[in-house]
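Below: one structure, written as structure tokens.
In this note's numbering, the protein residues as written are -11 to 80.
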């Protein structure tokens, strides 16, 4: 039996890039709530890139678009960080 998995490539890149962006943002709350708010805002402004794979399989065509996707993700995460920093959903 083959085990298939559904993945959103954009979400994977957002998760990878988030720490890099937050590392450079002084004074930004990095709690779990703020991190998830930032990811949600960014993902809502980015196109999903779903793919199906066998467990552990990597598609080279997605890796080819990595840099383009990464640039878009950095832009949207940066915008989301500014939005969450301005109006966090918890007491600071």
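C-beta atoms are modelled at their ideal positions from N, C-alpha and C, and glycine is treated no differently.
query, result
"Per DSSP, residue -5 forms a beta bridge with which residues?", "39"
"For the alpha helix (DSSP H) containing residue 64, name the first residue and the last one.", "54 to 74"
"Would you mind giving the Cβ-Cβ distance between residue 2 and residue 30, rounded to the nearest angstrom? I have them listed as a contact below 8 Å.", "6 Å"
"Under a three-way DSSP split, which group does residue 5 fall into?", "helix"
"Does residue 0 have its Cβ less than 8 Å from a Cβ in chain C?", "The structure shown contains no chain C; it holds only a single protein chain."
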